[in-house]
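Those letters in the sequence shown? Residues -18 to -1, 1 to 130, by mature numbering (1 follows the signal peptide of the UniProt record, and there is no 0).
Positions of the beta carbon are idealized from the N, C-alpha and C atoms, including for glycine.
From a predicted model like this one, the values you see are computed outputs, not experimental measurements.
First up is the structure itself, then whatever we jot down about it.
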Amino acid sequence: MELLHAAVCALILTCVTCQDLHVIDTKPGQCFRVHTPDQPVLNLNPPEARACTQWLRENKNCLGLRTQNGEVVVVFCKDDQKRRRAGCYKLINKDKREEVVCQKLNRQQGCEVITTRSNLTVVVHCQPLARGASNVGGGDNRSRKQKG
């Protein structure tokens, strides 16, 4: 009985977490902080790396962001009929291999992040009250539930 209760709680918690993700909007011009694991959350002295959503030169029908390591996170394609889970995106590695990456909550930072194959972290959203963190995403990063 306890095992069933734990499974139900985990399922409910997972569903709530999925609904509350601050997914990347499908519009160009949103910029996000990109850092390596050894950089602190707020490293203000060297200028931070940022990646902004833009229409991709490889495929004009796709919106994505390019990291400093040459990886591309594809946010949206006009002709893509595949339905991905909210917060999951196609990642095109530098060697052109494709995989799916999903946002996750970095509890230590209090931020929703995407981690690439080259171990870069794209900060999608930080909770305003998270200690030492700031909301570094661009545009309207409210959760789907808040947007109505």
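The three-state reading of DSSP puts N88 in strand, counting E and B together. Put simply, the segment 90 to 99 does not touch the segment 32 to 42. Fewer than three CB pairs are less than 8 Å apart. When DSSP states are grouped into helix, strand and coil, T103 belongs to the strand group.
DSSP, read as helix, strand or coil, puts R66 in coil.
A straight-line Cα-Cα distance of about 14 Å links H107 and C70. Selection K78, D61, Q36, W37 evaluated against G52 yields K78 as nearest (Cα-Cα).
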